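Trainee:
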Amino acid sequence: MKNLIVTVNGVAYNVTVEEGTGAPVAPAAPAAAPAPAPAAAPAAPAAPAAPAGAAGSVVVNAPMPGNILDVKVKPGDSVKAGDTLLILEAMKMENEISAPQDGTIASIDVRKGDVVDSGALLCTMN
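Numbering (my numbering), first residue to last: 4 to 129.
1. Could you check which residue in Gly122, Ala109, Val63, Leu7 has the C-alpha nearest to that of Gly79?
2. Using C-beta distances below 7 Å, list every residue in its chain close to Asn6, excluding the 5 sequence neighbours before and after it, in chain order.
3. Closest to Thr24 by CA distance: which of Ile90, Met4, Val11 is it?
4. So is Asn12 buried or exposed if we call it buried at 16+ other beta carbons inside 10 Å?
5. Can you tell me whether DSSP reads Met4 as helix, strand or coil?
6. Span of the beta strand (DSSP E) holding Met128?
7. From what residue to what residue does the beta strand (DSSP E) around Asn64 run?
8. Thinking C-alpha only, which one of Glu97, Met96, Asn129, Asn98 is nearest Ile111?
9. Expressed to the nearest angstrom, what Euclidean distance is found between the alpha-carbon atoms of Lys115 and Ile71?
10. If contacts are defined as beta-carbon pairs under 8 Å, then Pro103 and Ala84 qualify, I think. What distance do you get, rounded to the angstrom?
11. May I ask you to report which of helix, strand or coil DSSP gives Thr24?
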């Protein structure tokens, strides 16, 4: 055993160190790098289509609660699957709500500025 005085930041410490055998010691393994945080999952482009009251109708529901920032279509407009119907702001992000299929807009059930809950009816398509 060896007694040493070690000074750290101006403070002296008395330490006792065990003498080694002189054989080389393998260095400690480096600490593993932390795993990167997973990227946020993109918002669903459109709510799942569900049959409405009329045969052949498709309803578009809000996939999450939020504010309606813009309505891009009006009743009677023809849309293709994937076309943006409206913009829903949720958690400071703008989410495009897209047409789930080709069709014609039968009704728009929200207006710009409306606050909607998850599952709220946004529009109906034929």
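We treat Cβ as the ideally placed atom computed from N, Cα and C, and that holds for glycine. All of these numbers come straight from a predicted model, not from anything done at the bench.
Mentor: In short, the structure shows the following:
1. Of Gly122, Ala109, Val63, Leu7, the residue nearest in Cα terms is Ala109.
2. The residues are Asn17, Thr19.
3. Nearest in C-alpha terms to Thr24, of all of Ile90, Met4, Val11, is Met4.
4. By the 10 Å Cβ count, Asn12 comes out exposed.
5. Look at Met4 here: in three-state DSSP terms it is coil, with no helix or strand label.
6. Looking at the DSSP string, the run of the beta strand (DSSP E) that includes Met128 is 124 to 128.
7. Run containing Asn64: 61 to 64, per the beta strand (DSSP E) assignment.
8. For Ile111, the closest C-alpha among the options Glu97, Met96, Asn129, Asn98 is that of Asn129.
9. Approximately 5 Å between the Cα atoms of the pair.
10. The pair is a contact, with the Cβ atoms about 7 Å apart (cut-off 8 Å).
11. It is coil, neither helix nor strand.
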